[in-house]
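A.B. asks:
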Amino acid sequence: MAKVEIFGGICGFNTVVSATAEQRRMVELKVESECPNWQKVQEQLKKVDAYKELFGKLHEGEVYRLSSPFIPHPACLVPAGIMKAIEVAAGLALPRDGFIRVIG
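Sequential numbering from 319 applies to the sequence shown in this note's numbering.
In structure tokens:
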């Protein structure tokens with residue numbers, strides 16, 4: 319299981335993603351967000367194929383396909399956080415923090 323906390327930055331919304339893998343490939347997702355746009359996505363984004371998400375083309379994965387109609391901000395950090403949760407839950411990455419720091 320992987321749990322990822324995403325702090326949106328200037329929008330002020332927080333999102334928590336929990337991911338659990340079944341047989342290392344199919345990953346169940348629970349996305350809990352304060353963002354009203356992500357609340358629309360979380361109803362649809364329940365289970366993904368980790369290999370298709372992580373090794374396919376960016377625009378063809380379920381995370382980006384399902385979120386694109388609802389998320390108006392292309393720099394939103396939530397999709398990357400969801401992808402990281404999938405990666406860790408599927409055993410394809412170690413659970414390690416990453417971050418973006420804005421300077422200036």
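Even for Gly, the Cβ is constructed at its ideal location relative to N, Cα and C.
Since we're looking at a predicted model, the values are computed, not measured.
Exposed or buried, Glu-361, counting other C-beta atoms within 10 Å across all chains shown (16 or more means buried)?
C.D. replies: With fewer than 16 Cβ atoms within 10 Å of its Cβ, Glu-361 is classed as exposed.
A.B. asks: In or out: Lys-402 buried (at least 16 other Cβ within 10 Å) or exposed?
C.D. replies: It is buried - the Cβ of Lys-402 has at least 16 other Cβ atoms within 10 Å.
A.B. asks: Within the same chain, show all residues whose beta-carbon is closer than 8 Å to that of Phe-388, passing over the 5 residues directly before and after it, in chain order.
C.D. replies: Asn-355, Trp-356, Lys-358, Val-359.
A.B. asks: Which one of Gly-330, Glu-323, Arg-383 has the shortest CA to CA distance from Lys-348?
C.D. replies: Of the candidates Gly-330, Glu-323, Arg-383, the one whose C-alpha sits nearest the C-alpha of Lys-348 is Glu-323.
A.B. asks: Quick one: residues in its chain with C-beta nearer than 7 Å to the C-beta of Ser-385, no 5 flanking neighbours on either side, listed in chain order?
C.D. replies: The residues are Val-359, Pro-397.
A.B. asks: Which residue wins for smallest C-alpha separation from Val-420, given the options Ala-368, Ala-393, Val-406?
C.D. replies: Residue Ala-393 is the option with its Cα nearest to Val-420.
A.B. asks: Among Glu-346, Gly-326, Glu-352, Phe-331, which residue has its Cα nearest to the Cα of Lys-364?
C.D. replies: The residue with the shortest Cα to Cα distance from Lys-364 is Glu-346.
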